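Read through the structure below, which is laid out as structure tokens, and then see the notes.
Protein chains: 2
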Amino acid sequence: MTNPTQDSESELRAEGVRITRQRLAILHVLREATDHPRAEDILARARLQDQSVSQATVYRTLAVLEKAGTVLRNEFDGTGARFELADRTHHDHLIDLDTGAVIEFHSARIERLQAEIAAELGYDIEWHRLELYGRKTPD
Amino acid sequence: MTNPTQDSESELRAEGVRITRQRLAILHVLREATDHPRAEDILARARLQDQSVSQATVYRTLAVLEKAGTVLRNEFDGTGARFELADRTHHDHLIDLDTGAVIEFHSARIERLQAEIAAELGYDIEWHRLELYGRKTPD
DNA sequence: AGGTAAATGAGAATGCCTCTCAATCTTGAT
DNA sequence: ATCAAGATTGAGAGGCATTCTCATTTACCT
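Which chain is which? The protein sequence lines are Y and Z, in order.
Quick note on my numbering: the first sequence kicks off at 24 and runs consecutively.
Quick note on my numbering: the second sequence kicks off at 24 and runs consecutively.
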């Protein structure tokens, strides 16, 4: 009888995050997104569902959700943050320099090497960012 | 009879970059830096050598030097770019979340894995960004 | 239902960075 | 050395993403 949508809301409530109309609209946008939208895009899409959502609330909500571990913030180019739901398994990004397309990938070997390197330097990794920027290999 | 300082200036000149008093001051700052200074820091330090350097020139020069391959731009936190000379061998960064210290490291194995992964996805890597964020391992 | 602290909208404010433009340099050619 | 042509510069205005302020509204516990 549980569904993922209700689950994530309960989890948020359990963390002391109040569920408002606006936050539901923003969460909905993030759940439907297949890209990595910017705050601006999220605002536009959220307003389709709830006309009242403001820019300030989008930024505030994204900050709240990020702190709660529900969303991830990315900074691929220098033109502002891009967001995604943190509900799937961890992955890194490959950005196509020609099209701007963002491809997700994961490598357990790289993850392991990162931890090894950090350990050698006397550190525990809290999180990391790995982005590859490239172009399609010519045939 | 050549020295690295003169070399990099000749190289820049060869690329069509004019060597001005202000650019020399900025290059000097970057050569002396042991940290990863922000534009603001570079401006302050450059002015110690040449009072006339302006903020606009710092940004413009950093953009010119970046395009020329002389400096690297980093975005560790969301609070603005940090720069470093690109004269040493390639490296990635480990950022200490408690102190903000930036530790440089390099792993040929990770580099190789990155290339492999990109190749599997049909891409050639142009450049990449790998940052580890962590804390000192407790004893 | 009622009280209280949290969340919101609108717009002002901030911070980093880029642009504009007239004045001043760098440089290659003379 | 001198010159012309074009690049670079300083100062301040402008731009853009993001955050803040504050009066009003809302979620949520009891």
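Every residue gets a Cβ at the ideal spot worked out from N, C-alpha and C, and that includes glycine.
Bear in mind that the values here come from a model prediction, so they are computed numbers and not experimental data.
- Per the Cβ contact rule, the region 82-94 of chain Z is in contact with the region 106-119 of chain Z (3 or more Cβ pairs under 8 Å).
- The beta carbon of Y:A104 sits closer than 9 Å to some beta carbon of chain Z.
- Per DSSP, the unbroken alpha helix (DSSP H) holding Y:L85 starts and ends at Q78 to K90.
- Y:L50 is not a Cβ neighbour of Y:D115, given a cutoff of 9 Å.
- Between Z:Q72 and Z:A56, the gap from beta carbon to beta carbon reaches 9 Å or more.
- Taking a C-beta cut-off of 7 Å against chain Y, the contacting residues of the region 81-98 of chain Z are E98, listed in chain order.
- Against chain Y, the CB of Z:H151 has a partner CB under 9 Å away; the residue lies at that interface.
- Chain-order list of chain Y residues neighbouring Z:A141: L117, F128, L155, G157 and T160, by C-beta distance under 9 Å.
- When DSSP states are grouped into helix, strand and coil, Y:R68 belongs to the helix group.
- In the structure shown, the three-state DSSP call for Y:I49 is helix.
- Z:E107 is bridged by DSSP to Z:L95.
- Here DSSP, grouped into helix, strand and coil, assigns Y:I118 to strand.
- Around the CB of Z:Q45, 16 or more other CB atoms lie within 10 Å, so the residue is classed as buried.
- Put simply, the backbone Cα of Z:R158 is about 19 Å away from that of Z:H59.
- Here Y:I148 is bridged, per DSSP, to Z:G157.
- Membership of Z:E127 in any alpha helix (DSSP H) is not indicated; the residue belongs instead to the beta strand (DSSP E) covering V125 to F128.
- Here the region 139-155 of chain Z makes contact with the region 139-155 of chain Y; the two share three or more CB pairs at distances below 8 Å.
- The distance from the Cβ of Y:F128 to that of Z:L144 is about 6 Å, consistent with a contact at the 8 Å cut-off.
- Checking the DSSP bridge columns, you'll see Z:R61 partnered with Z:R105.
- The beta carbon of Y:R132 falls within 9 Å of a beta carbon belonging to chain Z, placing the residue at that interface.
- Residue state for Z:I140 is assigned as helix, using DSSP reduced to three classes.
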